[in-house]
Amino acid sequence: MPAAPSPMTGLGEKLAELGPIIAMMDPMGRNNTMAAAMMQMQQGKKKDARDTANQNQTVAWLQSQGMGEQEAHYLAADRDALRSWYGEWKAGNKPDWAISEIYDQAGRPQKVMYDKRDPSRYNVLGGSQSDTLSPEAEAQKVRIAQAGRAETNVSVGAEKGFDKTVGEGYGKRFLDLQEQGSTAQRALNSLDVMGSSLSDPGFYSGAGGDSVLQLKRFGASLGMNPDGITSMEQFNAMSKQAALDSMGGSLGSGFSNADRDFVIDQVPNLGNTPEGNRKLVDIQRKLNERKRDIAGIARDYASRNDGRIDAGFDDYLAKWSEQNPLFRNTPRDSTGRGAGNETGRQRARNPKTGETVEWDGTQWRPVR
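Taking this note's numbering, I'd label the letters of the sequence shown as residues 24 to 391.
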């Protein structure tokens, strides 16, 4: 049911209608000023009402996009900030802005609107940015101040700096997990190709596998049609890609030939027997499926935790891993090279150091 109009509103409208009449009844113009003022006042009220309605609609729309009420009201009232946010939203960048509190050089609190994805981007609410520290500068100032003190002193600023450092660490870890998940999906696609190649009757792997491939290539160059050459070439290419993925996409500056051979030993290759390659394909598939699953678990946890992961994620992941072991207990000699063991984890030997290492689900660790 619409609200009844205010008596003052009706009076204002009536006075605005009388404005021109008052002006006409005063040939000397003595009342012109009063009439114009009444008309201007009423027009201003109508404009304010339209602006308020438009602003409320903007706030409602921003909240429908997942923004908090406080942030939505601020953006709706600041055209420049709203234009900037909308530009990012329209470009598909999913802007994630929030209001927080930081401190100026004198230690006075100041509210800011900042971008959660890049805290260095912020806008001071109701003040100039010139005397206000950015979140990064604030944390740096706290670290410098604490380093110069002989006594132990826990302050609110230090706590904020700690929280920020921990938050940034988990933010980077979240991004790393997502990158690992993407790399794992590419590796799974490669493993599918390798598994298909192993099924080709003309495929050969084992002693002298690389030499056999070269002979088949030589025969193909002479116009012959050697069996399995396509499958072997596909398998060889996917094997090299799998090795690179295991090393993070490149050899890097600290990799020796022994390191390279060690990594290649952990992925299917032409030097292994077909049965050994099948088991390695199965092991690598499980490892990469686990990385992909962890990336998904991180996204699911973040979606239920204000868009981020924290220390609770470690506990959650540890319990999930215990309930979902990657490798079940198998006989010691059932998997050959890179085999599992009584712990159900893949093991291998580092040819450079001679030590035995074990895959714990995220990295290789020496076996004690």
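Every residue gets a Cβ at the ideal spot worked out from N, C-alpha and C, and that includes glycine.
Beta-carbon spacing of ILE332, TYR324 below 7 Å = Along the sequence shown, one-based indexing puts residue 332 at 309. Along the sequence shown, one-based indexing puts residue 324 at 301. Yes, the Cβ-Cβ distance between ILE332 and TYR324 is below 7 Å.
request  = Let me know if GLU378 comes out buried or exposed under the rule of 16 or more other beta-carbons within 10 Å of its beta-carbon.
outcome  = Taking the first residue of the sequence shown as position 1, residue 378 is located at position 355. Exposed, because fewer than 16 other Cβ atoms sit within 10 Å of the Cβ of GLU378.
key: ILE320: first and last residue of the uninterrupted alpha helix (DSSP H) it sits in   = Your numbering for residue 320 matches position 297 in the sequence shown. Element bounds for ILE320: 297–326.
task = Whole angstroms is fine: what's the gap from GLY89's alpha carbon to LYS342's?
result = Taking the sequence shown and counting its residues from 1, one reaches residue 89 at position 66. Taking the sequence shown and counting its residues from 1, one reaches residue 342 at position 319. Between GLY89 and LYS342, the C-alpha separation is close to 31 Å.
query = Residues in its own chain within less than 6 Å of ASN311 by CB, not counting five upstream and five downstream?
reply = Locating residue 311 in the sequence shown gives position 288, counting from the first residue. The beta carbon of ASN311 lies closer than 6 Å to those of ALA207, ALA210, LEU211 in the same chain, with the five residues before and after it left out.
task = Following the continuous alpha helix (DSSP H) through GLY89, name the residue where it begins and the one where it ends.
result = Locating residue 89 in the sequence shown gives position 66, counting from the first residue. No alpha helix (DSSP H) contains GLY89, which DSSP labels as neither H nor E.
key: When LYS263, LYS239, ALA265 are compared against THR253, the one with the closest alpha-carbon   = Walking along the sequence shown from the start, residue 253 turns up at place 230. Here the closest residue by C-alpha is LYS239.
ask   = Just checking my contact of VAL216 with TYR227 at CB under 8 Å: how many whole Å lie between their CB atoms?
value = Taking the first residue of the sequence shown as 1, we reach residue 216 at position 193. Taking the first residue of the sequence shown as 1, we reach residue 227 at position 204. The Cβ separation is near 17 Å, so there is no contact.
key: Segment contact flag, the region 96–110 with the region 70–86, C-beta cutoff 8 Å, min 3 pairs   = Taking a cut-off of 8 Å for Cβ pairs, the region 96–110 and the region 70–86 touch, as three or more such pairs fall below it.
inquiry  = Which residue wins for smallest C-alpha separation from GLY231, given the options ASN292, ASP223, VAL189?
reply    = Taking the sequence shown and counting its residues from 1, the one referred to as residue 231 is at position 208. Check the Cα spacing between GLY231 and each of ASN292, ASP223, VAL189: the tightest is with ASN292.
ask   = To which residues of the same chain is GLU92 closer than 7 Å at the C-beta, ignoring the five residues directly before and after it?
value = Taking the first residue of the sequence shown as 1, we reach residue 92 at position 69. Cβ-Cβ distances below 7 Å link GLU92 to GLN86 in the same chain, with the five nearest sequence neighbours on each side left out; the list follows chain order.
query = If we ignore side chains and look at the alpha-carbon of each, how far apart do ARG315 and GLU381 end up?
reply = On the sequence shown, position 292 is the one that residue 315 refers to. On the sequence shown, position 358 is the one that residue 381 refers to. Distance between the alpha carbons of ARG315 and GLU381 is about 20 Å.
Span of the alpha helix (DSSP H), counted from its first residue to its last, around GLY242 = The count along the sequence shown starts at 1 and reaches residue 242 at position 219. Here the alpha helix (DSSP H) through GLY242 covers 232–244.
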